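Quick look at the structure:
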């Protein structure tokens, strides 16, 4: 694999690039997990607010 | 025109000329440099004290034809290298590297390399010195410097944290870092219980010999930010170990009388007040009692000490007193760090970097001459080489209980170790300004002026 940038003077290491594929997949899972938690938190917060509002009415 | 101190990167190069540093920016790097300066990133980094400030130098017509800019970075009094830092300083550098990357990403840039040599210390603060390390970030490209980060920054720091803090010094034998399989093999077993070490060092090591082929990771901005924040959290949790405390109680246990210390301190204050040196080098600084004293009267102080536990105590005091004019160097003056890398001049030898108006060698000469067998004329020659003007040297005779103790278990082969010989050899390079017999001891403080 070649990096199309004349200014990159470092050899990133092909093994390291391959490992980053795995790392990237793990991070995708982490981002998904984080987003899911965020989504459910918002969902429950919204639901709680709705119930609270209903009770107040 | 290029010098070996910077030759790897085609974005530019550095030359040392007349005690000044000039950084030449190549035309190929013009767009990146202009982006760094105009985006506000440079100003934010400088305001935060993370990046060395510079000014743009006036260029000759010849320079204008060949280069985009010539920069003059703010002068660092004494460049220190990673193998001269304590474990805490390493941690500071790693966290700062990740912080700079995170900030740069907000401006669409990234550090294209990851070497601890891009940092130095000014007092107790580390500062990023390679202004030309910033590259455009392209969404979805892998982190090119990842392997270098793991081999030359994270790996050595892990070895210092999980194994022994001497590993930092071993970097002088391998200035480009250690290969990942080597790091993984040498890390203690308990590192397998740490997610950061397992992921970035142990698992990563298993992939170093594999061919990446056509695989290409897509490391989005969000993933990079998450990766760096995880690394910062992981590294932040690593506890630095306390090295042996062989010399840390020197002033409490080994110094017999308070009269001796009070008189010595009073004499030093008198000398420092009279000479008002711009810079002081304290050799064998121990926990920095006299470096701290010198810092009150001198602009800059360099404290050189071989015992990491002592340097750590001094750094704690610097932080507690918010002092910023003492820089510590972890080094053994008998085995000073040599010139390393290409032509032995990519990383400069310690004794070339140490230059001070006044050099202090307090209760040091007997350690060099008796414990390490250094001839007294060598000591005089070395002090003359690093002193620009003055040397304050304490001579401790054989009759002193400490020297007698050092000689107790061995044959006294040190016929040349006496005061007359000391004065004779130092007089080759210096003129004696003053000598003072320190109270309650047979010790003498000599103040020399360089010839």
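Chains as they are written, first to last, in this note's numbering: chain A, 4 to 60; chain B, 18 to 468. Backbone N, C-alpha and C fix where the C-beta goes; we use that ideal spot for every residue, glycine too. Remember, predicted model here, so these are calculated numbers, not experimental data.
Nearest-angstrom Cβ-Cβ length linking residue i and residue j, presumed shorter than 8 Å
| i | j | result |
| --- | --- | --- |
| residue 458/B | residue 417/B | 7 Å |
| residue 328/B | residue 299/B | With a Cβ gap of about 12 Å, residue 328/B and residue 299/B do not count as contacting. |
| residue 311/B | residue 377/B | 7 Å |
| residue 280/B | residue 455/B | 5 Å |
| residue 30/A | residue 240/B | 4 Å |
| residue 351/B | residue 389/B | 5 Å |
| residue 57/B | residue 124/B | 7 Å |
| residue 386/B | residue 443/B | Not confirmed; about 13 Å, so no contact. |
| residue 33/A | residue 340/B | With a Cβ gap of about 42 Å, residue 33/A and residue 340/B do not count as contacting. |
| residue 368/B | residue 403/B | 6 Å |
| residue 225/B | residue 49/A | Contact flag wrong, Cβ pair sits at about 48 Å. |
| residue 122/B | residue 238/B | 6 Å |
Where the alpha helix (DSSP H) through residue i begins and ends
| i | result |
| --- | --- |
| residue 435/B | Unbroken run through residue 435/B: none, as it is neither H nor E. |
| residue 288/B | 275–292 |
| residue 105/B | 104–123 |
| residue 327/B | 325–337 |
| residue 398/B | 393–403 |
| residue 82/B | 78–83 |
| residue 448/B | Per DSSP, residue 448/B belongs to no alpha helix (DSSP H); it is in the beta strand (DSSP E), 447–454. |
| residue 43/A | 17–59 |
| residue 350/B | Neither: residue 350/B is in no alpha helix (DSSP H) and is coded neither H nor E. |
| residue 162/B | Unbroken run through residue 162/B: none, as it is neither H nor E. |
| residue 369/B | 367–370 |
Residue from the options whose Cα sits closest to the Cα of residue i
| i | options | result |
| --- | --- | --- |
| residue 34/B | 240/B, 49/B, 90/B, 57/B | 90/B |
| residue 23/A | 160/B, 256/B, 219/B | 160/B |
| residue 170/B | 140/B, 402/B, 467/B, 102/B | 102/B |
| residue 380/B | 66/B, 282/B, 354/B | 282/B |
| residue 132/B | 188/B, 94/B, 124/B | 188/B |
| residue 181/B | 342/B, 195/B, 204/B | 204/B |
| residue 36/B | 292/B, 366/B, 370/B | 370/B |
| residue 465/B | 243/B, 456/B, 451/B | 451/B |
| residue 468/B | 307/B, 455/B, 446/B | 446/B |
| residue 250/B | 40/B, 112/B, 73/B, 405/B | 112/B |
| residue 130/B | 121/B, 150/B, 242/B | 150/B |
| residue 358/B | 293/B, 308/B, 193/B, 453/B | 193/B |
| residue 104/B | 316/B, 255/B, 334/B | 255/B |
| residue 317/B | 338/B, 200/B, 297/B | 297/B |
| residue 177/B | 100/B, 248/B, 63/B | 100/B |
| residue 287/B | 314/B, 210/B, 449/B | 314/B |
Residues of its chain near residue i, where Cβ-Cβ distance is below 7 Å and the 5 sequence neighbours each way are ignored
| i | result |
| --- | --- |
| residue 40/A | none |
| residue 51/A | none |
| residue 245/B | 115, 118, 119 |
| residue 167/B | 197, 217, 218, 221 |
| residue 54/A | none |
| residue 95/B | 319, 344, 370, 371 |
| residue 276/B | 456, 457 |
Spatial neighbours of residue i in its chain, beta-carbon cut-off 8 Å, leaving aside the 5 residues before and after
| i | result |
| --- | --- |
| residue 46/A | none |
| residue 382/B | 393, 396, 410, 411, 412, 413, 439 |
| residue 76/B | 84, 86, 87 |
| residue 435/B | 414, 415 |
| residue 208/B | 175, 179, 214, 215, 218, 219 |
| residue 212/B | 251 |
| residue 14/A | none |
| residue 361/B | 355 |
CB of residue i within 8 Å of CB of residue j, strictly
| i | j | result |
| --- | --- | --- |
| residue 344/B | residue 108/B | no |
| residue 143/B | residue 106/B | yes |
| residue 14/B | residue 135/B | The structure shown does not extend to residue 14/B, since chain B is modelled only from 18 through 468, so no value can be given for it. |
| residue 460/B | residue 374/B | no |
| residue 46/B | residue 23/B | no |
| residue 140/B | residue 342/B | yes |
| residue 364/B | residue 98/B | yes |
| residue 60/B | residue 152/B | no |
| residue 42/B | residue 92/B | no |
| residue 195/B | residue 173/B | yes |
| residue 289/B | residue 407/B | no |
Endpoints, beta strand (DSSP E) assigned at residue i
| i | result |
| --- | --- |
| residue 35/B | Here residue 35/B belongs to no beta strand (DSSP E), and DSSP marks it neither H nor E. |
| residue 461/B | 461–467 |
| residue 299/B | 296–300 |
| residue 375/B | 373–378 |
| residue 320/B | 317–322 |
| residue 153/B | 151–153 |
Spatial neighbours of residue i in its chain, beta-carbon cut-off 6 Å, leaving aside the 5 residues before and after
| i | result |
| --- | --- |
| residue 235/B | 157 |
| residue 366/B | 355, 356 |
| residue 453/B | 284, 462 |
| residue 308/B | 299, 302, 318, 320, 343 |
Residues, ordered as in the chain, of the stretch 125–147 of chain B that lie near chain E by beta-carbon distance below 9 Å:
Although the question refers to chain E, the structure presented lacks it and instead comprises the protein chains A and B.
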